[in-house]
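Enquirer:
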Amino acid sequence: MHAFLSDVLARNFQVQPPVEPDATLEELGLDSLARAEFGAELQDSLRIEVGEDELASTTTVAQLAATLEAKGAAVPR
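Mind the numbering: the sequence shown is residues 24 to 100 in this note's numbering, read in order.
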């Protein structure tokens, strides 16, 4: 899941790899609009609901990956 999130961040939000698991969304440069767009992309790709609170500025990539996995999200092929 971490690799998938890193790929989406690099492809859609110009985040330079490698994306560290403990980096927060804010540290990666995602403002509130970018976080909303990121959530929409994840919902479309993973076919699950992603709540606004799950994409808080202080959320780390590792926390988000764990949350998505706990919801049963599978990386698209």
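Each residue gets a CB set at the ideal place from its N, CA and C atoms; glycine is no exception.
Here the structure is a predicted model, which means the values were calculated and not measured.
Quick one: is A96 buried, meaning 16 or more other Cβ sit within 10 Å of its Cβ, or exposed?
Expert: buried
Enquirer: With a cut-off of 8 Å on the beta carbons, I'd call H25 and V84 a contact; round off their distance for me.
Expert: 6 Å
Enquirer: Exposed or buried, what is L78 when buried is set at 16 or more other beta-carbons lying within 10 Å of its beta-carbon?
Expert: buried
Enquirer: With a 10 Å radius around its C-beta and 16 neighbouring C-beta atoms as the bar for buried, classify L56 as buried or exposed.
Expert: exposed
Enquirer: Assuming S80 and L48 are in contact, meaning their beta carbons sit under 8 Å apart, how far apart are those beta carbons, in whole angstroms?
Expert: In this structure, S80 and L48 form a Cβ contact; the two beta carbons are roughly 6 Å apart against a cut-off of 8 Å.
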